[in-house]
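Residue numbers (our numbering): 35 to 365.
Structure below.
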């Protein structure tokens with residue numbers, strides 16, 4: 035029985051909601067058909083457009099707590115009815131085909147994914163990610179703090195509250211799989227704030243690093259190049275540092291964290307290990323970035339070239355006009 039404090043069935047771990055979003059993509063289409071007895075659900079209940087789904091979850095339906103699937107950030111194909119399935123018509127006579135995208139996507143699924151992924155890596159998300167972790171996996175999942183945060187769900191959806199194997203109902207083979215479930219509680223406290231690494235360059239071949247805030251210096255690394263460091267970038271997880279210099283050389287470093295040791299100048303050699311000397315531009319390096327998956331990197335130089343690196347070997351270059359005060363970034 036639901037109480038006045040319950041928000042309904044939890045959806046962030048419900049296979050039914052995954053099939054709702056990925057309806058146009060096999061093998062999820064076949065699984066959705068199996069769930070609905072061999073037919074697609076009513077057209078009005080299908081995932082038809084991004085705007086209506088957002089409005090439902092954000093303000094119209096307090097029991098709509100669906101989480102986005104990873105495909106929203108890396109797979110535009112799930113938004114397109116490339117197989118030509120007949121999803122029928124809504125009560126307003128509108129046919130359901132491809133997912134209707136917000137205006138800023140300009141009708142392009144790839145552009146929607148690109149900007150959506152860019153938003154996921156935005157400063158706002160980085161600043162507030164730990165709050166979401168606390169709701170899903172931490173101290174606000176159950177108990178008084180969950181009540182205060184209006185994060186309480188039907189008790190049967192929580193780990194250990196029901197023995198799925200003992201349920202005797204018709205169609206249990208499908209029904210048990212589709213039951214919504216809250217994640218296991220992994221954290222006793224709220225999630226930690228996301229750490230952000232910063233690397234700044236200075237003259238004389240020097241680069242300095244800090245964590246979370248640019249004015250919190252952790253270390254200073256000297257003699258990384260024979261000439262001044264003019265550009266630098268670190269990987270998302272902070273494990274790699276890419277540097278470019280005035281003489282056009284590019285180097286990749288492994289960042290070694292020394293817990294319990296001073297990060298002064300005397301520890302520099304033990305904090306950075308040279309992973310690769312990538313090559314060089316014909317002029318000063320003006321900008322650099324490391325790919326999200328740390329499998330590639332890009333540098334731009336005053337020689338008018340953008341060089342694409344595959345960690346240890348150059349895989350391509352894009353000639354252009356001299357690149358001055360530019361910025362290169364993966365999105």
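Where is the CB? At the ideal position from N, CA and C, for every residue including glycine.
Under the DSSP assignment, residue 68 falls in the alpha helix (DSSP H) whose first and last residues are 62-69. In this structure the stretch 146-158 lies against the stretch 101-112, because at least three pairs of beta carbons, one per stretch, are closer than 8 Å.
For residue 314, the enclosing beta strand (DSSP E) stretches over residues 306-314. Going by C-alpha positions, residue 176 is about 22 Å away from residue 51. In this structure, residue 163 keeps its C-beta atom at 8 Å or more from the C-beta atom of residue 133.
Taking 8 Å as the cut-off, the beta carbon of residue 332 is found closer than this to the beta carbon of residue 342. Assignment of residue 258 by DSSP, reduced to helix, strand and coil, places it in the coil class. Annotation for residue 343: the continuous beta strand (DSSP E) segment containing it runs 339-344.
When C-alpha distances from residue 87 are compared across 138, 184, 314, 102, the shortest belongs to 102. The residue from 259, 179, 58, 305 with its alpha-carbon nearest to that of residue 312 is 259.
DSSP places residue 181 outside any beta strand (DSSP E); the residue lies instead in the alpha helix (DSSP H), whose first and last residues are 178-182. When secondary structure is reduced to three states using DSSP, residue 279 falls in the strand class. For residue 168, the three-state secondary structure derived from DSSP is helix. With a beta-carbon spacing of about 11 Å, residue 284 and residue 324 fall beyond the 8 Å limit used to define contacts. Under the three-state reduction of DSSP, residue 265 is assigned to strand.
Using a 10 angstroms sphere on the CB of residue 329, the tally of other CB atoms stays under 16, which defines it as exposed. Of the other Cβ atoms in all chains shown, fewer than 16 fall within 10 Å of the Cβ of residue 156; this residue is therefore exposed.
Where residue 324 is concerned, there is no enclosing alpha helix (DSSP H), although the beta strand (DSSP E) around it starts and stops at 319-324.
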